[in-house]
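Each residue of the sequence shown is one higher than the last, beginning at 53 in my numbering. Virtual Cβ for every residue (Gly too), placed ideally from N, Cα, C. All of these numbers come straight from a predicted model, not from anything done at the bench. Some notes on the structure that comes next.
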Amino acid sequence: MWQDPEIGRRAVLRGALGVLAAGAFGSCDGSGSPGKSRLVGPHSEAVRAAERLRRAPEQRVVTRKITARESVVDLGGRTVRTWTYDDALPGPGLRTRAGDLLRVELTNDLPHETSIHWHGLALSNDMDGVPGLTQDPIGAGSRFVYEFTTTDPGTYFFHPHTGVQLDRGLYGVLIVDDPDEPGDYDQEWVVVLDDWIDGTGRTPDDVLDRLAASMGHGGMMGQTMHSPLLGSAGDVDYPLYLVNGRTPRAPVTLTGRPGQRARIRIVNAGSDTAFRVALGGHRLTVTHSDGFPVTPVATDALLIGMGERYDVIVDLADGVFPLVAQAEGKSGAGLALVRTGAGAAPSTGTTVRELDRRVLLGTDLAVADSARLGSRRIDRNLEAVLGGGMMSYRWTINGAAFPDSDPLTVTQGERVRLHVRNTSMMFHPMHLHGHTFALAGSGVRKDTVVVRPHQSLEVDLQADNPGQWALHCHNVYHAETGMMTVLSYRR
Ligand code: C2O
Ligand code: CU
Numbered sequence: 053m054w055q056d057p058e059i060g061r062r063a064v065l066r067g068a069l070g071v072l073a074a075g076a077f078g079s080c081d082g083s084g085s086p087g088k089s090r091l092v093g094p095h096s097e098a099v100r101a102a103e104r105l106r107r108a109p110e111q112r113v114v115t116r117k118i119t120a121r122e123s124v125v126d127l128g129g130r131t132v133r134t135w136t137y138d139d140a141l142p143g144p145g146l147r148t149r150a151g152d153l154l155r156v157e158l159t160n161d162l163p164h165e166t167s168i169h170w171h172g173l174a175l176s177n178d179m180d181g182v183p184g185l186t187q188d189p190i191g192a193g194s195r196f197v198y199e200f201t202t203t204d205p206g207t208y209f210f211h212p213h214t215g216v217q218l219d220r221g222l223y224g225v226l227i228v229d230d231p232d233e234p235g236d237y238d239q240e241w242v243v244v245l246d247d248w249i250d251g252t253g254r255t256p257d258d259v260l261d262r263l264a265a266s267m268g269h270g271g272m273m274g275q276t277m278h279s280p281l282l283g284s285a286g287d288v289d290y291p292l293y294l295v296n297g298r299t300p301r302a303p304v305t306l307t308g309r310p311g312q313r314a315r316i317r318i319v320n321a322g323s324d325t326a327f328r329v330a331l332g333g334h335r336l337t338v339t340h341s342d343g344f345p346v347t348p349v350a351t352d353a354l355l356i357g358m359g360e361r362y363d364v365i366v367d368l369a370d371g372v373f374p375l376v377a378q379a380e381g382k383s384g385a386g387l388a389l390v391r392t393g394a395g396a397a398p399s400t401g402t403t404v405r406e407l408d409r410r411v412l413l414g415t416d417l418a419v420a421d422s423a424r425l426g427s428r429r430i431d432r433n434l435e436a437v438l439g440g441g442m443m444s445y446r447w448t449i450n451g452a453a454f455p456d457s458d459p460l461t462v463t464q465g466e467r468v469r470l471h472v473r474n475t476s477m478m479f480h481p482m483h484l485h486g487h488t489f490a491l492a493g494s495g496v497r498k499d500t501v502v503v504r505p506h507q508s509l510e511v512d513l514q515a516d517n518p519g520q521w522a523l524h525c526h527n528v529y530h531a532e533t534g535m536m537t538v539l540s541y542r543r
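Written as structure tokens, this is what we have:
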């Protein structure tokens, strides 16, 4: 652990979804001399005070143990050696009620250091799981106890923040229940989407090496992956796409009865793939985005970027229906089956007409009244210009690749507007840790927003969770090659 409440320039890191190198804070931190603005570090009093405010006297505690280890997993027709939590894919599901304390002891039996990041949660900064920024890496063979209050209800997930480990099998879903929610549904299904390569002859680290070496050859597979919605749709053409850890050859079946309402919590745990999701013969009514309520809207299909989560409600018809997650702009799809009656399962290559009808993006939604951030005068404007490309595989924020980028600094209590401008040919699902921002205009609350090629958008946030927070693209290969910076609280 850091001995010093301030993160110093002695911080040493490697890798981006988890790396901070010396110098990351250099330019704005002056010499660290008293009188200049100082970092609010993960172990500072301000961070402790923020967590104290979240804790109630009679707080319920949910305790779990998780082991990260190498394991052999049957994906359905294909067995792979990979890295998992508790030998499961997806990893164990965690569930709390809003206000509960979650205590997870992670044992690292991987041959490599790791950490767990709790994606989407406004949690205590020292528990955010970014090695080099909020904690020391958890070495092979050692343990770490995560302990934090789960404040906001919603659908979240967790994954490592070290190198490209996210593109192995290390992910699981965390649901925070809302005790005040009516729960107007009969079935609840969790659907986790993933693009898969590990154990098929290449590891994610091999993929990263190939991309980094590809210099001008247009990506590892030498082909263009294009989407009318997203432009350049990805850098990696995966051999497999999974729903709940299964290939379309042996899909999971979600079972209900005709006439029931099902709530489906959909998580994109992929590393380089947006998914276009539809359920044959049904419309999806979107109720939540990244855990927070939206004005419900019905759609045929939904586009889900990496790191995004959507909750949808469906009124179940009678029969067997394919839930298809088409890899946007790529060839291939993930599949699950929804079964409410008799009938033969659709064949493997199934596609559904709904995929080609109305496709909704997060930026098409409107906030629900209960989730409004509320308007306030903007105290500070920040800019994040997204750049880079395949020519030399390097992705940047404000012209610099992490850790050479300047942090974006804020002071606790400020209302901040972040102007995001994508100057590249590729979409970037931009994710901010520790906060749920509001999209300027629609007010939709999100922690991950898909920014299309050459699109500009603004997001507003209340700087009410002190600490050092990663802001990065949730394409793990983009983040790892530079598209990351830090929202840095100073005082
Ligand atoms: Cu899910 Cu910093 O990421
Ligand atoms: Cu990106």
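Beta-carbon proximity list for residue i, same chain, < 6 Å, skipping 5 on both sides
| i | result |
| --- | --- |
| T347 | A418 and A420 |
| A490 | L425, R497 and D512 |
| A264 | Y445 |
| R469 | I430, N433, E510 and D512 |
| S508 | R473 |
| V228 | T148, A150, T202, P205 and G206 |
| W447 | G440, H530, T533, G534 and M535 |
Where residue i sits in the DSSP three-state scheme
| i | result |
| --- | --- |
| M179 | helix |
| E360 | coil |
| A101 | helix |
| L407 | helix |
| D440 | Looking at the sequence provided, one finds Gly at residue 440 rather than Asp. Of the three classes helix, strand and coil, the one that applies to G440 here is strand, per DSSP. |
| A388 | strand |
| S224 | Sequence inspection shows Gly at residue 224; the Ser mentioned does not correspond to that position. Strand, per DSSP. |
| T415 | helix |
| S494 | coil |
| A350 | strand |
| R432 | strand |
| S457 | coil |
| D421 | helix |
| R90 | coil |
| R317 | strand |
| R335 | coil |
| R112 | coil |
| C80 | With a pLDDT of only 38 at C80, under 50, the local geometry of the prediction cannot be trusted, and the value read off the model is given with reservation. Three-state DSSP puts C80 in coil, outside helix and strand. |
| R155 | strand |
Environment of residue i [buried if 16+ CB atoms lie within 10 Å]
| i | result |
| --- | --- |
| M179 | buried |
| E532 | buried |
| S540 | buried |
| K382 | buried |
| A394 | exposed |
| G87 | Annotation note: pLDDT 48 at G87 (below 50); position unreliable, no value reported. |
| D342 | buried |
| D236 | exposed |
| A108 | exposed |
| P310 | exposed |
| T136 | buried |
| G193 | exposed |
| V244 | buried |
| E110 | exposed |
Per DSSP, the bridge partner or partners of residue i
| i | result |
| --- | --- |
| Y137 | A120 and A140 |
| F327 | I356 and A379 |
| I449 | L438 and A452 |
| R147 | I227 |
| I190 | T166 |
| V511 | L470 and L491 |
Spatial neighbours of residue i in its chain, beta-carbon cut-off 7 Å, leaving aside the 5 residues before and after
| i | result |
| --- | --- |
| A397 | V372 and L389 |
| I190 | L158, N160, E165, T166, S167 and F196 |
| H334 | V366, A369 and F373 |
| G359 | H171, N320, P481, H483, T500 and H526 |
| F344 | G206, A423, T488 and R497 |
| Q514 | L425 and R467 |
| G129 | T299, R301 and A302 |
Cutoff 8 Å; reference residue i; Cβ partners in own chain excluding five residues on either side
| i | result |
| --- | --- |
| V411 | L281, R328, T351, D352, A353, L354 and L355 |
- Item | Whole alpha helix (DSSP H) elements within the stretch 230-313, 4-residue minimum | 256-265
- Which parts of the stretch 516-542 are runs of the beta strand (DSSP E), unbroken and 3 residues or longer, counting only runs that do not cross its ends? 520-525 and 536-542
- Would you mind listing the alpha helix (DSSP H) stretches within the stretch 459-491 that are 4+ residues and don't spill past its ends, in chain order? none
- Task: Jot down the residue ranges of each uninterrupted beta strand (DSSP E) in the stretch 195-221, minimum 3 residues, whole runs only, in chain order.
- Result: 195-201 and 206-211
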